[in-house]
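One structure is given here, and the rest of the page talks about it.
Below, the structure is given as structure tokens:
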């Protein structure tokens, strides 16, 4: 198809490079430099989609970020992106796009039936109906509503694009490259400031790209090009296009999204699709410009109705005619620029100006061009369904209440201009309390909250001369504050047309007997009548109106609708706009790709993975790993077709019978040093620490101040003032912070330092009756006899040339040792132990066997120390000193904690000695009691006892100490289990602890 | 993102720090008679004011020092920062 | 009061919807009420409604500083569930579930309660065990819960990450099929409309400046619209509790924190359930508009500001993509924040106070929305009868002294860690 609406020799597109693309499966051509929107308009395509609620036809309304409805499904590089604004998407070779929210297609959309029933679907209609019968809401009505809603489709394929983050610091961040942005960036950069200037579009220059002005004897466009070219050469300036600063956060942190590859057919290797910039700026210049406001009239959502500035952009930037019989409907001088642009390209527009008798240079120019201008005229309604075919127009009285005789004139587009709304989002996000400026009927920033300065039309300055003067001044002053330099640039001379003031008019009254929908929010189908209904029903605050009608809650976030909505509310409520106030602006300014926000932390890298130095050995030996926080630990070492259950049983049995080896590197290790270390430990742990001799380890329990057990572990006195503390894997980081808190804040008088040494040591637990024999071979010159290295003893040795620490501690309940070597020797140590241990039938064991061993010994771990239990609950009361004070001690006096029937750790064995009790089961008296069935306790951990070859569980049971020997039921309704059980001691194996001391 | 001046390291972004709560709460001394009310007040009660709040932060990905920050809980403005044992 | 129905909608369509009444009036305060509820959020409005409906107390005013429903009832992620481990929470919430199921008909306002089910994903056997403990507790309390394995989860949410390139693979999950979502604003408006129709005065833009207490008895409040006397006053101002408590010289076991949430642009239906990530804090559902509604961690420092920072959202969305990789292509449309009463054990307080006639309802942490009906119902009972109901007996203020804490997460007093 040919580009029937393309002008010759106009625009900034590259006509040398023709680009083919597909829309709704049909092939078209455009040029490099086009957006999808401009290329479609060039091809005469005006119908892009359907609206949210009524499924009314939708075309193009804007030419950029403010576009409320030209949303498409984009296909690029074998992937698909939902909800892409056609006005922002640059054309690339092979681009494919489809209309959204229509079925079977955009021309014939079944959903449009809603449009005919629209009288029954006013704002909030769904709150008033769909209530009967009760079950129908979820089963019938809602699924239909859900299906009709939404726009694009999400692909459930993994996103293979790359997104990156970048952190940057600068003196001055300039957000927009229009005249005010260029001028302030230039003035600041020349004065030595480190500047970042960001432009959301591909082209720099903002309004200078299309305005008919002269700066320093050049066209505005040429001046913009000159400035940007110079800025690009300066080493202290970063110039970024396709980059939008979308969020202004605390302490002058701004976030910008750079669309690095979205305009290309493919993302090149090693480059991202998008890059997110975190920019900490000393000063921020907000030069975000302004957005044209629509005028509101009947059926103003018909394709072909568009912003007058957008029409001008299409003509001047892209060489595309939005129509060949245009009406320009305006309340200010801006519309004339568009009219002149049409006229100069051979198209005769008709201008309807709501004003009675405005005078200005540009009006005169239009009149001199013989443009047909009708003053005090309005468009009453657009006619046509999928495209504007004609317009009902009428004269309007001076009080704007009465319409004259309605005439119908043929047209194919209606360009509207209701004056300009400053883009105050960033200033408002920064915390700036905006103020309403009556002269422009819009809000502008007031006193800055953070280091932000708004310039140009973003603060309501609409003449170029004033804009440049102000921006040069601000650029200099802000840079001067930072650089202390005084290199001042003078603002260039400006030639521009002086404009006359706009008409405070924005909504055309309904003609008698007509009930046209006059839309405010085009995407969400919010019309004037909806706002009126909301107000009538008592939804009077602007937030209520917004929520009830969904005004401004569409993907364009109300960029073109909010202010008109406010005007309407203030009119009906008979308040002035500032009393009504605007809703809060929050980041992002425009929607940001979630992938870009997340960056590279995806898939396997969504969280770090920590591995012990022996990890590769485990891998080679068929370890099946388990996540322990961010650590990977061997859960079991699979032999042949073994199941988890079989393997863990084998491994645990081997520990009980021979000797096993377990990687305990992941345990937290903290070096505690200093003369007051013993006193410190004495305050941190519940038990006594003042008399621990050098070369001895002790088990300790620490509490939070609320009396709840925080962690447990052994701490060893390495030398006079040096202790080696171990923590659980899960709590390692918390315990270190906890210790630092007390040392630095609560007891700064203690001369103690702590540092994490987790990563310095590789640890191997050697456990089992044959462990001493093995140790003798590993350390042939050490006395590791029961006397030489008794239970809870510590010594240092030489492990085949490596320094080693040897601890005689046991978690398994067997005779056991733990050997630590420096991390880089960990692999060597492990292999060597396995090699030497062969003759004792050594086997590695994983966390599952470790669990089994500790459970049947009645040792508590994470499932008991769950942040809700006190020492007594875990049968650790023996470790709670009555003589000294320690962290959390005072809380243990609470009535609930000292109750005679307080819960306590017990053992549980099924009566049939066969049925395993699922973890998370509850113990109850009556298995068949009516619900809620009173719970006496819960099963915290279960194993298959390798000692007795039957199931064994630990439970925390109310009045546990008096329940030993009682019969109860363990219930797991989730697993449909009712198991008769007997309560036994939690020390199921070796209750006297002979083995560890043997 | 907050910009916090660590008294030891200088201005650093918030993501280097961990929060530590109200810095005006004093732990009762060890080995001292403490009434139930006093103790519960220490463990559980917080003024949590709207406005200036003296609070602990821990420079956990930095020098690992606990510091005090005088911050407005409504605006997030930081007025000053102190070392943990500095009197404010 | 006009009855809302499809028939009234059709009837009104033919008069261009010009004859709808106001949903609630906007009266000036009277000089005295039997009960004043401070806070026109979900809980306050529900309390007033149940005072009128269940206890026939209609000389009631709701005093709201801004506009009703402007706080957390309009700022949440609309999840409704009763999947708690502790009996106090489970039984209370399940009572609430029953009120949710009947709410649209009860209020003659479609609050769009949809029992679309909530799934908590588990990423290890240890987590499956912890979920079993919670799920079994639910079942023994008469609450529905099912434990699902990986394959069963995959059937329900195939778009979750079941690939090899995943840091924390999905092992299974706990599902409460009867849990769901509702339209948050409608809840506030529905309660307001009914309370108003039974005689409750809804007074907006009225700030409480102080309290009148004499001889340990509450007498009234001073407001920006004048002094108002009352025999009983209920405090229902999540997020602002500490500000009002200060005026009463009370210090509470509560800290105020910011929780952010966000929505994506609307897409065609892809997710029917509410799903939570088990290897972090992220939850997600899809609204009837098609937006993915997402939330996660607190911003992590005391805050009364309804503005959050991006690093928290980045962290939350990282977990989002880890759970649902398809989110990567979507765009974040809107973010917002709500200020939370974080109590020291993560559970709420509904109780009498040491001041006679003053009642406290606070500490909802991030679980306030789902509790709206049950909270209103029990608080109304507590105020009307001057004694707690057995459903809220556990939510006492003195549990922090006695040690009968209700800590679902086991994190204790570090309220900012979620």
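Chains as they are written, first to last, in the working numbering: chain A, 1 to 998; chain B, 1001 to 1088; chain C, 2001 to 2418.
C-beta: ideal position from N, C-alpha, C; glycine also.
Cβ-Cβ distance between residue i and residue j below 7 Å
i                       : j                       : result
residue 6 of chain A    : residue 319 of chain A  : yes
residue 784 of chain A  : residue 796 of chain A  : no
residue 2310 of chain C : residue 2264 of chain C : no
residue 958 of chain A  : residue 873 of chain A  : no
residue 455 of chain A  : residue 446 of chain A  : no
residue 2024 of chain C : residue 538 of chain A  : yes
residue 982 of chain A  : residue 923 of chain A  : no
residue 826 of chain A  : residue 659 of chain A  : no
residue 843 of chain A  : residue 621 of chain A  : no
residue 214 of chain A  : residue 495 of chain A  : yes
Cutoff 7 Å: residue i Cβ touching any chain B Cβ
i                       : result
residue 2400 of chain C : yes
residue 601 of chain A  : no
residue 926 of chain A  : no
residue 2001 of chain C : no
residue 710 of chain A  : no
Euclidean distance between Cα positions of residue i and residue j
i                       : j                       : result
residue 191 of chain A  : residue 237 of chain A  : 11 Å
residue 759 of chain A  : residue 284 of chain A  : 43 Å
residue 632 of chain A  : residue 855 of chain A  : 22 Å
residue 506 of chain A  : residue 474 of chain A  : 34 Å
residue 1037 of chain B : residue 2354 of chain C : 14 Å
residue 1060 of chain B : residue 245 of chain A  : 30 Å
residue 809 of chain A  : residue 770 of chain A  : 15 Å
residue 76 of chain A   : residue 14 of chain A   : 22 Å
residue 444 of chain A  : residue 286 of chain A  : 12 Å
residue 2086 of chain C : residue 2399 of chain C : 14 Å
residue 804 of chain A  : residue 820 of chain A  : 6 Å
residue 472 of chain A  : residue 229 of chain A  : 18 Å
C-beta neighbour in chain A for residue i, strict 7 Å
i                       : result
residue 2378 of chain C : no
residue 1027 of chain B : yes
residue 1069 of chain B : no
Proximity test, Cβ basis, 7 Å: residue i and chain C
i                       : result
residue 1008 of chain B : no
residue 704 of chain A  : yes
residue 721 of chain A  : no
Residues that DSSP places opposite residue i in a beta bridge
i                       : result
residue 2252 of chain C : B/1046
residue 2223 of chain C : C/2208 and C/2226
residue 844 of chain A  : A/661
residue 870 of chain A  : Its beta-bridge partners do not exist; DSSP assigns none.
residue 306 of chain A  : A/415
Inset, instruction - Below 8 Å between beta carbons is the criterion; list the residues of the segment 316-342 of chain A that meet it against any residue of chain C, in chain order. - result: Residues of the segment 316-342 of chain A that bring their beta carbon within less than 8 Å of a beta carbon in chain C are absent altogether.
Legend entry - Proximal residues, the segment 726-753 of chain A versus chain B, C-beta separation under 7 Å: Those residues of the segment 726-753 of chain A that come within reach of chain B (Cβ to Cβ, closer than 7 Å) are 737, 740, 741, 744, 745, 746 and 748.
Legend entry - Near-chain A residues of the segment 1042-1057 of chain B (beta-carbon distance less than 9 Å), N- to C-terminal order: Those residues of the segment 1042-1057 of chain B placed with their C-beta closer than 9 Å to a C-beta in chain A are 1042, 1043, 1044 and 1056, ordered along the chain.
Inset, instruction - Give, in chain order, every residue of the segment 2206-2233 of chain C whose Cβ lies closer than 9 Å to some Cβ of chain A. - result: If the cut-off is 9 Å between Cβ atoms, the segment 2206-2233 of chain C has nothing near chain A.
Legend entry - Residues from the segment 2242-2253 of chain C in contact with chain B, defined by Cβ distance under 8 Å: Taking 8 Å as the Cβ-Cβ cut-off against chain B, the residues of the segment 2242-2253 of chain C that qualify are 2242, 2243, 2246, 2251, 2252 and 2253.
Inset, instruction - Please name the residues in the segment 2022-2048 of chain C whose beta-carbon is closer than 8 Å to at least one beta-carbon of chain A, in chain order. - result: Answer in chain order: 2022, 2023, 2024, 2025 and 2026.
Inset, instruction - Taking only beta carbons into account, state which residues of the segment 2072-2088 of chain C come closer than 8 Å to chain A, listed in chain order. - result: Interface annotation for the segment 2072-2088 of chain C against chain A: 2074 and 2087, criterion Cβ-Cβ distance under 8 Å.
Inset, instruction - Select from the segment 246-275 of chain A all residues with a C-beta closer than 8 Å to any C-beta belonging to chain B, and list them in chain order. - result: Of all residues in the segment 246-275 of chain A, only 249, 250, 251, 252 and 253 come within less than 8 Å of chain B when Cβ atoms are compared, listed by chain position.
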